[in-house]
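Residue numbers for the sequence shown follow the UniProt record's numbering, beginning at 1 and rising by one.
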Amino acid sequence: MAAPTSGSRRIAGTEVPITGSDKVRWIDLTVPSSPSAAPASPADPFVSVPPRAASGCHVVSSGGESQRYLAWRIHEEHQNVLEVIELCASKEFPSSGLRLVFQEALCPFAFMCETEGARRGESVYLLYVLTISGVALLCNLRSPFSYVSGSILSQNDVLEFSLQTHTQSANVTAVQAKPGCLVIGRQDGSICCYSLGKLAPSSPGFSNELRDDAGIGRLWTLVSRTKALGPVQDIDTATVNERELLFALHLDGSLRVWDISSHTKLVNYNVHSNDFEGQPSRVWVGEADDDQELISLAVLHQGTMVPACDRVVVYGFSFGAGERFLLSPEPLVSAIPLLEGKLVDLKISTEKLWILKEVGPMLYEIVQYDSDGEEICSYVLQEDAISEQMFQSSESALDDLVWTADSVFSSKKEHSFSFISSMFLRRLLQPGVNHCSALRETLLEYKRFLSDSEFQSLTTSGLRKEILSIIELEGSSQSASSTAYHWKKFSARYLHKWCGNNRPYGLFLDMNREVFGLVRKGSFSLFRCLEGVEQLIYGMFLF
Numbered sequence: 001m002a003a004p005t006s007g008s009r010r011i012a013g014t015e016v017p018i019t020g021s022d023k024v025r026w027i028d029l030t031v032p033s034s035p036s037a038a039p040a041s042p043a044d045p046f047v048s049v050p051p052r053a054a055s056g057c058h059v060v061s062s063g064g065e066s067q068r069y070l071a072w073r074i075h076e077e078h079q080n081v082l083e084v085i086e087l088c089a090s091k092e093f094p095s096s097g098l099r100l101v102f103q104e105a106l107c108p109f110a111f112m113c114e115t116e117g118a119r120r121g122e123s124v125y126l127l128y129v130l131t132i133s134g135v136a137l138l139c140n141l142r143s144p145f146s147y148v149s150g151s152i153l154s155q156n157d158v159l160e161f162s163l164q165t166h167t168q169s170a171n172v173t174a175v176q177a178k179p180g181c182l183v184i185g186r187q188d189g190s191i192c193c194y195s196l197g198k199l200a201p202s203s204p205g206f207s208n209e210l211r212d213d214a215g216i217g218r219l220w221t222l223v224s225r226t227k228a229l230g231p232v233q234d235i236d237t238a239t240v241n242e243r244e245l246l247f248a249l250h251l252d253g254s255l256r257v258w259d260i261s262s263h264t265k266l267v268n269y270n271v272h273s274n275d276f277e278g279q280p281s282r283v284w285v286g287e288a289d290d291d292q293e294l295i296s297l298a299v300l301h302q303g304t305m306v307p308a309c310d311r312v313v314v315y316g317f318s319f320g321a322g323e324r325f326l327l328s329p330e331p332l333v334s335a336i337p338l339l340e341g342k343l344v345d346l347k348i349s350t351e352k353l354w355i356l357k358e359v360g361p362m363l364y365e366i367v368q369y370d371s372d373g374e375e376i377c378s379y380v381l382q383e384d385a386i387s388e389q390m391f392q393s394s395e396s397a398l399d400d401l402v403w404t405a406d407s408v409f410s411s412k413k414e415h416s417f418s419f420i421s422s423m424f425l426r427r428l429l430q431p432g433v434n435h436c437s438a439l440r441e442t443l444l445e446y447k448r449f450l451s452d453s454e455f456q457s458l459t460t461s462g463l464r465k466e467i468l469s470i471i472e473l474e475g476s477s478q479s480a481s482s483t484a485y486h487w488k489k490f491s492a493r494y495l496h497k498w499c500g501n502n503r504p505y506g507l508f509l510d511m512n513r514e515v516f517g518l519v520r521k522g523s524f525s526l527f528r529c530l531e532g533v534e535q536l537i538y539g540m541f542l543f
């Protein structure tokens, strides 16, 4: 992958909100825990996985045209709660989702997949999570989540295993899972695989530590002064040539690739060998390209100098498809400086890289790097579109609106008020802009106290009256400019609330069906490519 050049950016696409994704009715389901499980203190957790995108999306394999996805997210303010939505490409967004309430906080990780069996004709999903005290839980969930809100998940549908009962006592710093297997990395550099959901915890072979040595070599290591590996920073998995591989990144720069089934090490590569400044902290692995016999992965190097500059380094490992499976010991390497902002999430394929960045308070951007043309592309996010819709981005657009109102209704101020108000209201209440929680919180700031039931019962006409009464009380009916000023002030408050309720959590990607989307705090959305005319509207390039 060639290093992209800095310069102009082409707009690749625009975000499209999924209608109804902000109005989900949540079914609360409590997940029981055994009495012996001792919750950890948030100040001193046994599991200290660093903060990361607390959301994800699993593609459910299906033979027909209708593709299904399992999307999940964990909110920062409720770390013991995990929300799950089942999406179907051929159906409307579901009206209800499952909200799982655990007994203690979870680390920012979850893995969902579909089990091969079925129960009473219903699909059963497997959910892997890990609490901060080190309890791994495997939950069996029915679809389409036919539970009664406020109920408790059956103890028979929950399997838990405490990592603190294992002989290894170092804190957990990384976690990953695949069907029937939970993998954890520890502070002391060790990695262990648990056959959770495949074998009973008391069965032989339930846990396997991935080690360089075996037999007499292992004994020699115990008494020698061999340098220990650094703490495990991150773990990811991928299927390459029908083999389940594990990619482990250590703090000292070691990138190790393991064959999970045989517990053998395939590659030991040091990411510091390329003299990239910064501390390696995250790794993302893309899907293998069997035609090119190449698999790409990305490593985040967090800058330690002042001023700090984070960079993403992309490694392309070639592999052989013969009986003797081999990964190239020396990958192709390229670096992408982030220049500004904090990386939130990343997706990678053999041809493209997508990065979600936070570049300021409630200000985000998605950048796509194309390996072929060394091209940088951007996506138009909803924040940008809503800001433009509500006259927050351009003073000239609002001035034009005031000038039009003054010209047409020069002698009738009430008509001018109605004209400007109808313009703002139409834009505010349109799908994609109107967000229930954000609008209710904005009304509360103006002392319009409405209960949940009262707000939900408001018709569109009733909602318009509530908002108009606020603008009228502000004394905006004196002139067109006064009306526009108070509407802009109201819209600015609303945009702030919208951004707070819809903070981007993470990206989801289905390369096979070219589905690219975004999991937000209060909604879900997809991205679509811009048409030729839209390129002219948005501008062909961003600088």
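Ideal Cβ placement from N, Cα and C applies to all residues, glycine included.
CB of residue i within 8 Å of CB of residue j, strictly
i	j	result
F102	V31	yes
C113	L126	yes
I184	L210	no
V402	A484	yes
I467	H486	no
G230	V172	no
L507	K357	no
I27	F206	no
V299	L249	yes
A288	V240	yes
L429	L463	yes
I386	W498	yes
I295	V285	yes
V47	L130	yes
I132	A110	no
R440	L450	yes
S246	Y269	Here residue 246 is Leu; the residue named in the question, Ser, does not match the sequence. No; because the gap between Cβ atoms is not below 8 Å, this pair is not in contact.
Identity of the residues DSSP links to residue i by a beta bridge
i	result
K352	D370
M112	L127
G13	Y379 and C529
T459	Partner(s): none; T459 has no beta bridge.
P32	Note: P32 sits in no beta bridge, so no partner.
V285	L297
Y315	L297 and V333
K342	E358
L141	Y125
E244	T239
W72	G56 and V84
F516	L509
K347	W354
R186	V172
G97	W26
C193	V183 and N208
For residue i, the three-state DSSP class (helix, strand or coil)
i	result
I216	Note that I216 has pLDDT 42, beneath the 50 cutoff, so the model's placement of it is unreliable and the number below is only indicative. The answer is helix: DSSP assigns I216 an H, G or I state.
R256	strand
A177	strand
N171	coil
V271	helix
N502	coil
L401	helix
S151	strand
I18	coil
L229	coil
CB-CB length for residue i against residue j, believed under 8 Å
i	j	result
F319	P331	Not a contact, Cβ separation roughly 11 Å.
L518	P504	6 Å
I260	V175	Rounded, the Cβ-Cβ distance is 14 Å, inconsistent with contact.
R186	V232	6 Å
S437	N501	5 Å
E86	R68	7 Å
V333	N274	6 Å
L353	R311	Contact flag wrong, Cβ pair sits at about 12 Å.
L495	M423	Their Cβ separation, rounded to whole angstroms, is 16 Å, which puts L495 and M423 out of contact at 8 Å.
P329	H301	No, P329 and H301 are not in contact; Cβ-Cβ is about 21 Å, not under 8 Å.
E293	A321	6 Å
A492	Q392	6 Å
Heavy atom of the ligand ATP within 7 Å of residue i beta-carbon
i	result
C192	As presented, the structure is devoid of all ligands, the ligand ATP included, so that no description of it is given.
| query | How do the stretch 13 to 28 and the stretch 375 to 387 stand: do at least 3 beta-carbon pairs fall below 8 Å, yes or no? | reply | Contact holds: three or more Cβ-Cβ distances are below 8 Å.
| field | the stretch 194 to 201 in contact with the stretch 133 to 153 per 3-pair CB rule at 8 Å | value | yes
| Does the pairing of the stretch 259 to 275 with the stretch 342 to 357 give three or more beta-carbon distances under 8 Å? | no
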